[in-house]
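Numbering (our numbering), first residue to last: 16 to 314. For each residue, glycine too, the CB sits at the ideal point set by N, CA and C. Each remark here refers to the structure printed beneath this line.
Right, here's the structure in full:
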């Protein structure tokens with residue numbers, strides 16, 4: 016809409032107006048849009064309150080598709096520019112920013128179960144990291160525990176059920192029967208795995224997975240909370256007890272509600288209520304992460 020208005024804007028110079036009306040201008044603009052779109056959507060997704068570690072891998076995979084050789088040749092006609100873009104992507108997608116635990120989360124996320132990890136090296140790293148993490152959190156204490164988690168992984172990723180013997184009958188409980196059950200499905204991977212924690216054959220894997228999806232993927236939610244708290248979050252903040260902070264937040268909320276600017280009051284009220292709830296869900300993790308566990312997450 017803005018660009019359409021520019022085309023008929025009387026204050027534009029004749030040269031600019033003529034350029035905007037050319038088809039070549041819109042073709043080039045479409046190329047820029049195709050390049051920027053996945054970046055903008057990816058940033059918004061990663062900085063949202065509903066982002067998980069697995070989303071990081073998926074976003075970078077989408078950006079990688081956008082930066083294929085064919086698209087890069089279309090976006091950038093100069094080889095030096097293409098090389099610079101490729102270098103930027105490689106730096107951002109390195110192990111410094113996307114660790115092994117990100118790939119484990121992507122592997123265990125039911126939303127991306129159909130997006131198989133085909134690289135054997137990546138799969139081997141995923142299984143090794145998952146084994147180390149499960150051992151650290153106490154879910155693998157013996158060979159039987161490892162077998163239970165391995166069987167659960169096979170059933171989660173496979174399309175054919177694993178036979179489970181129940182007396183004289185053999186039950187095939189697999190992706191179609193258990194992990195593919197619509198009643199247990201959820202767009203929230205943590206909620207999805209929490210529903211499997213009471214099932215004996217999947218309890219250990221579900222416990223590990225739910226733990227992984229409790230790890231905050233970014234500090235964006237906390238930073239928004241700091242911004243909303245405003246004066247409360249200052250150099251004196253660390254001297255206050257949590258109870259006092261809650262009281263001050265309530266006082267601040269009521270003072271803002273008394274303002275005459277109704278639109279401003281509505282906007283800020285909605286922001287406070289939404290952000291505080293989601294930030295609590297992100298940062299309140301029970302029990303707290305141990306040093307050994309964090310060593311696996313951030314080696």
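Per-residue DSSP class, three states only, for residue 133: The residue you call residue 133 lines up with position 118 of the chain shown. Note: residue 133 maps to coil in three-state DSSP.
Burial state of residue 124, where buried means 16 or more other Cβ atoms lie within 10 Å: Numbered from its first residue, the chain shown carries residue 124 at position 109. Buried: at least 16 other Cβ atoms inside 10 Å.
Spatial distance of residue 201 from residue 207 (CA atoms): Taking the chain shown and counting its residues from 1, the one referred to as residue 201 is at position 186. Taking the chain shown and counting its residues from 1, the one referred to as residue 207 is at position 192. In a straight line, the C-alpha of residue 201 is about 5 Å away from that of residue 207.
Every unbroken alpha helix (DSSP H) inside the region 67–127 [4 residues or more]: 68–81, 84–90, 94–107 and 115–123
Given 8 Å, three or more beta-carbon pairs between the region 158–173 and the region 259–275: no
Cβ-Cβ distance between residue 50 and residue 90 below 8 Å: Locating residue 50 in the chain shown gives position 35, where the first residue counts as 1. Locating residue 90 in the chain shown gives position 75, where the first residue counts as 1. In this structure, residue 90 lies closer than 8 Å to residue 50 by Cβ.
CB contact flag (residue 113, residue 122, <8 Å): Locating residue 113 in the chain shown gives position 98, counting from the first residue. Locating residue 122 in the chain shown gives position 107, counting from the first residue. Against a cut-off of 8 Å, the Cβ pair of residue 122 and residue 113 comes out as no contact.
Inter-residue spacing [alpha-carbon to alpha-carbon] between residue 270 and residue 203: The residue you call residue 270 lines up with position 255 of the chain shown. The residue you call residue 203 lines up with position 188 of the chain shown. So the two alpha carbons sit approximately 35 Å from each other.
For residue 232, the three-state DSSP class (helix, strand or coil): Working through the chain shown from its first residue, we reach residue 232 at position 217. Residue state, collapsed to three classes: coil.
Residue 163, buried or exposed, once every other Cβ within 10 Å from all chains shown has been counted against 16: Residue mapping note: residue 163 aligns to position 148 of the chain shown, counting from 1. Its Cβ being crowded by 16 or more others within 10 Å, residue 163 is buried.
Euclidean distance between Cα positions of residue 197 and residue 272: Along the chain shown, one-based indexing puts residue 197 at 182. Along the chain shown, one-based indexing puts residue 272 at 257. Roughly 43 Å between the two C-alpha positions.
Beta-carbon proximity check, residue 68 vs residue 214, cutoff 8 Å: Locating residue 68 in the chain shown gives position 53, counting from the first residue. Locating residue 214 in the chain shown gives position 199, counting from the first residue. No, they are not a contact pair.
Enclosing alpha helix (DSSP H) for residue 40 [first to last residue]: Stepping through the chain shown from its first residue, residue 40 is reached at position 25. That run of the alpha helix (DSSP H) goes 38–61.
Neighbourhood of residue 117 by C-beta, 8 Å cutoff - its chain only, sequence neighbours within 5 removed: Translated into the one-based positions of the chain shown, residue 117 becomes position 102. Hits under 8 Å: 68, 69, 71 and 72.
Continuous alpha helix (DSSP H) stretch holding residue 271: start and end: Against the chain shown, residue 271 aligns to sequence position 256. Run containing residue 271: 257–272, per the alpha helix (DSSP H) assignment.
Reduced DSSP category for residue 307 - H, G, I as helix; E, B as strand; rest coil: Sequence index remark: in the chain shown, residue 307 carries index 292 (1-based). Residue 307: helix per DSSP, three-state reduction.
Beta-carbon contacts of residue 167 that lie in its chain and below 6 Å, excluding the five residues immediately before and after: Sequence index remark: in the chain shown, residue 167 carries index 152 (1-based). Excluding sequence neighbours, residue 167 sits near 217 and 220.
Burial state of residue 288 (16 or more Cβ within 10 Å): By one-based count along the chain shown, residue 288 stands at place 273. At residue 288, the pLDDT of 40 sits below 50, so the modelled position is not reliable and the matter cannot be decided from this model.
Whole-Å CB distance - residue 173 paired with residue 64, under 8 Å assumed: By one-based count along the chain shown, residue 173 stands at place 158. By one-based count along the chain shown, residue 64 stands at place 49. Between residue 64 and residue 173 the Cβ distance is about 33 Å, and since that is not below 8 Å, they are no contact.
Residue 106 beta carbon less than 8 Å from that of residue 144: In the chain shown, the residue the question calls residue 144 occupies position 129. In the chain shown, the residue the question calls residue 106 occupies position 91. Going by C-beta atoms, residue 144 is not nearer than 8 Å to residue 106.
Cα-Cα separation between residue 129 and residue 45, rounded to whole angstroms: In the chain shown, residue 129 corresponds to position 114, counting from 1. In the chain shown, residue 45 corresponds to position 30, counting from 1. Taking the straight line from one Cα to the other gives about 31 Å.
Residue burial classification, residue 147 (beta-carbon count within 10 angstroms, cutoff 16): Numbered from its first residue, the chain shown carries residue 147 at position 132. Burial call: buried.
Per-residue burial, residue 66 [other beta carbons within 10 Å of its own, 16 or more giving buried]: As a working mapping, residue 66 is identified with position 51 in the chain shown. By the neighbour-count rule (16 or more Cβ atoms within 10 Å), residue 66 is buried.
Residue 34 classed as buried or exposed, judged by whether at least 16 other C-beta atoms fall within 10 angstroms: For the purposes of this step, residue 34 is identified with residue 19 of the chain shown, where counting begins at 1. Label assigned to residue 34: exposed.
Beta-carbon proximity check, residue 119 vs residue 227, cutoff 8 Å: Taking the chain shown and counting its residues from 1, the one referred to as residue 119 is at position 104. Taking the chain shown and counting its residues from 1, the one referred to as residue 227 is at position 212. A contact, by the Cβ cut-off of 8 Å.
Straight-line Cα distance separating residue 193 from residue 87: In the chain shown, the residue the question calls residue 87 occupies position 72. In the chain shown, the residue the question calls residue 193 occupies position 178. Approximately 43 Å between the Cα atoms of the pair.
Coil, strand or helix - residue 142 by DSSP: Within the chain shown, numbered from 1, the residue matching residue 142 stands at position 127. In this structure, residue 142 counts as helix in the three-state DSSP scheme.
Status (buried if at least 16 other CB within 10 Å, exposed otherwise) for residue 274: As a first step, residue 274 must be located in the chain shown, where it is residue number 259. Residue 274 comes out exposed.
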